[in-house]
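Numbered per our numbering, the sequence shown spans residues 1 to 556. Where is the CB? At the ideal position from N, CA and C, for every residue including glycine. Predicted, not measured: the structure shown is a model, and the values here were computed from it.
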Amino acid sequence: MFKTDLEIAQECKMEHIRDIAAKIGVGEEDLEYYGNYKAKISLDLLHRNEDKEDGKLILVTAINPTKAGEGKSTTTVGLGDALNRLGKKTMIALREPSLGPVFGLKGGAAGGGYAQVVPMEDINLHFTGDMHAITTANNLISACLDNHIHQGNELDIDIENITWKRCLDMNDRTLRHITIGQGPKANGVERVDGFNITVASEVMAVLCLSTSLMDLKERLGNMLVAFNSKKEPIYVKDLGIEGALAMVMKDAIKPNMVQTLEHNPVLIHGGPFANIAHGCNSILATRTCLKLADYTVTEAGFGADLGAEKFLDIKCRFGGLKPNAVVIVATIRALKQHGNVAYEDLKDENVEAMLTGCENLAKHIDTVKQFGLPYIVAINEFASDTPAEVKALQNWCKEHQHPMSLSQVWAKGGEGALDLANQLVELCAEENSYAPLYDVEQSIEEKITAIATRVYGAKEVAFTEEAKEQIALYTSLGWDKMPICMAKTQMSLSDDAKVYGAPKDFTITVRELRPSLGAGFLVALTGKILTMPGLPKVPAANNMDIDEKGHIEGLF
């Protein structure tokens, strides 16, 4: 019997976070302890090291996943451990897990097997309180907005044209569309409202794209909340609360340091979803790693069509980052799904279906190449993979001249990625021609079309009448010269979650656009994507428990 991720994590004898920080030259004066094994990093540390040359930056992405995920974070952690085993001073930068997926479908999200980040229970639950700070800031805006309307509405806010929503870090479909202010007049003005999950809040995106506390405050003030009766925009700064919001976020803006099972340093900070938001950890965490280490390994959510595209088109653009290499994680089970094998049959050997599914991997490779970056395919091995399937996938990579490595980090930790690490050291030494996919000066339609055709492989983009009206309005307001953050299903290259492989001649439909002016991008919603997920029939929470000694079971 295999040990669970939680059991493996609980067996780890962690080192004091002070000793982990010392490995990369960080002293106690720059640490704010949250117990013995977690600490926040002072923003002064980055400021003092701003003139240092950046280390190498490795992005880990993947193909379109199954609903259980394909081990991108696991690969990221294992690769970081492997580089450290090779004597390369390496740090890892990850996103914080959301409680929604933790209690919903996937369970814990701090890597897996012997390639994990610890303390696993803390990271997956409340951690250092960042998610709560983001939720509080978001809902402070809602409370002040509704109070302003109730107290006389000096800003002439049109209650039929409020863009801001409340948030909660939980999957709760019943909150997607609600009515507030019901009852007596003292309860406020009755209106329609709704909730996003916290990781889809613009406050989360702002946190992850800010470069300082004052930059954070300015971005928070620039967030759009509504329009007035003259269809003029109303911002957070018009409510006069950006200072209060920044105060709530003053600790959340500091990156969090933890460790891998092999006692290597990890910064975990920020956690925007990649199918809804931009899917990357904070610029502050990544830049801190780049200044302190020779190699930084980071991940971006879901496949290269989502997290990687947004990392390369949004985060790198705003953060002045230049990646050196990309790892594309592929699993045999996901490739079989793209070869039209049913989810419940993915453990059965099926070489033919897997090879059919390789067209999905090929499209993600093509996307990375379009950004001018060197890459390597990491075959993330699962216990259910058969020798015939592994051999066939390796041969497919060789036949198509794709650099490849069999990754066994779940079972072996850093030892299982030594070949991957060695190949990446060579790739990072190469010059590359990285550039974003589009120019922000292009029109909104042109930018969306570039992503849909070049990354997804779509034939064309269709815009609903509502989307067309929004594009015209946002262009007239001067909001058209920003990057685009596509909200799309992670399961498919198309906007239909049930279409696998690498579809051709399909249309992407943009149904709505939402301005994230504080973050600095426009969100384009496609297909049936939701900003507040729901729970499955049997949530992961049903299999979790704790005993009288505080021992947790079932977290993953």
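Cβ pair residue i, residue j closer than 7 Å
{"i": "Asp495", "j": "Lys504", "result": "no"}
{"i": "Lys88", "j": "Asp294", "result": "yes"}
{"i": "Leu437", "j": "Ile63", "result": "no"}
{"i": "Lys336", "j": "Ala502", "result": "no"}
{"i": "Gly78", "j": "Thr90", "result": "no"}
{"i": "Trp410", "j": "Gly112", "result": "yes"}
{"i": "Asn228", "j": "Asp146", "result": "no"}
{"i": "Gly319", "j": "His338", "result": "no"}
{"i": "Ile546", "j": "Pro265", "result": "no"}
{"i": "Ala137", "j": "Leu245", "result": "yes"}
{"i": "Gly554", "j": "Asn543", "result": "yes"}
{"i": "Ile41", "j": "Pro255", "result": "yes"}
{"i": "Leu530", "j": "Gly104", "result": "no"}
{"i": "Thr367", "j": "Val455", "result": "yes"}
{"i": "Gly520", "j": "Ala435", "result": "no"}
{"i": "Gln423", "j": "Ile376", "result": "yes"}
{"i": "Pro374", "j": "Glu309", "result": "no"}
{"i": "Glu118", "j": "Cys12", "result": "Just to set this straight, residue 118 is Val in the shown sequence, not Glu. Their beta carbons are under 7 Å apart, which means Val118 touches Cys12 by this criterion."}
Classification of residue i by the beta-carbon crowding that lies within 10 angstroms, buried from 16 upward
{"i": "Thr198", "result": "buried"}
{"i": "Arg173", "result": "exposed"}
{"i": "Ser443", "result": "exposed"}
{"i": "Lys185", "result": "exposed"}
{"i": "Thr507", "result": "exposed"}
{"i": "Thr296", "result": "buried"}
{"i": "Met131", "result": "buried"}
{"i": "Ala342", "result": "exposed"}
{"i": "Lys38", "result": "buried"}
{"i": "Thr449", "result": "buried"}
{"i": "Val206", "result": "buried"}
{"i": "Thr61", "result": "buried"}
{"i": "Pro387", "result": "exposed"}
Option in the options with minimal Cα separation from residue i
{"i": "Trp164", "options": "Gly152, Leu239, Gly78, His132", "result": "Leu239"}
{"i": "Lys67", "options": "Phe302, Glu548, Arg95", "result": "Phe302"}
{"i": "Ile332", "options": "Leu99, Glu389, Asp193", "result": "Glu389"}
{"i": "Val425", "options": "Asn171, Val327, Lys398", "result": "Val327"}
{"i": "His148", "options": "Ala226, Lys291, Met131", "result": "Ala226"}
{"i": "Gly243", "options": "Ala304, Ile141, Tyr343", "result": "Ile141"}
{"i": "Phe556", "options": "Gly320, Glu441, Ala540", "result": "Ala540"}
{"i": "Asp44", "options": "Arg287, Val368, Arg166", "result": "Arg287"}
{"i": "Lys412", "options": "Ala325, Glu431, Phe382, Phe103", "result": "Phe382"}
{"i": "Ile17", "options": "Leu267, Leu86, Thr76", "result": "Leu267"}
{"i": "Gly457", "options": "Leu46, Ala304, Phe273, Pro119", "result": "Ala304"}
{"i": "Ile283", "options": "Leu393, Lys322, Ile234", "result": "Lys322"}
{"i": "Arg95", "options": "Asp385, His269, Ala421", "result": "His269"}
{"i": "Asp345", "options": "Leu245, Ser384, Ile471, Lys254", "result": "Ser384"}
{"i": "Lys231", "options": "Ala285, Gln470, Leu355", "result": "Gln470"}
{"i": "Ile58", "options": "Ala93, Ile276, Ala277", "result": "Ala93"}
{"i": "Met486", "options": "Thr526, Val351, Ile178, Val26", "result": "Thr526"}
{"i": "Val329", "options": "Gly69, Asp51, Leu31", "result": "Gly69"}
{"i": "Thr135", "options": "Val203, Val258, Ala497", "result": "Val203"}
{"i": "Cys144", "options": "Ile234, Pro101, Glu160, Ser210", "result": "Ile234"}
{"i": "His278", "options": "Ser516, Glu7, Glu548", "result": "Ser516"}
{"i": "Leu213", "options": "His177, Gly183, Arg191, Ile253", "result": "Ile253"}
Distance between residue j and residue i (C-alpha atoms, nearest Å)
{"i": "Pro65", "j": "His400", "result": "22 Å"}
{"i": "Asn36", "j": "Ala110", "result": "18 Å"}
{"i": "Ala353", "j": "Tyr34", "result": "48 Å"}
{"i": "Lys237", "j": "Gly188", "result": "22 Å"}
{"i": "Pro533", "j": "Asn171", "result": "5 Å"}
{"i": "Gly416", "j": "Ser98", "result": "28 Å"}
{"i": "Gln116", "j": "Thr298", "result": "14 Å"}
{"i": "Lys291", "j": "Ser433", "result": "22 Å"}
{"i": "Ala421", "j": "Ser405", "result": "9 Å"}
{"i": "Phe195", "j": "Asn222", "result": "20 Å"}
{"i": "Val248", "j": "Leu220", "result": "11 Å"}
{"i": "Ile180", "j": "Ile162", "result": "13 Å"}
{"i": "Thr260", "j": "Gly518", "result": "33 Å"}
{"i": "Glu446", "j": "Glu32", "result": "46 Å"}
{"i": "Leu522", "j": "Ile484", "result": "5 Å"}
{"i": "Asp193", "j": "Leu175", "result": "9 Å"}
{"i": "Thr475", "j": "Leu224", "result": "15 Å"}
For residue i: DSSP bridge partner residues
{"i": "Asp545", "result": "Glu553"}
{"i": "Met257", "result": "Ala39, Leu267"}
{"i": "Glu569", "result": "What the structure shows of the chain is the stretch from 1 to 556, and residue 569 is not part of that stretch, so it cannot be assessed."}
{"i": "Arg514", "result": "Val523"}
{"i": "Pro233", "result": "Phe227"}
{"i": "Phe565", "result": "The chain is shown only over 1 to 556; residue 565 falls outside these bounds and no answer can be derived."}
{"i": "Ala115", "result": "Gly112"}
{"i": "Tyr343", "result": "Beta-bridge pairing links Tyr343 to no other residue."}
Cutoff 7 Å: residue i Cβ touching any chain C Cβ
{"i": "Val390", "result": "Of the protein chains in this structure there is only one, and it is not chain C."}
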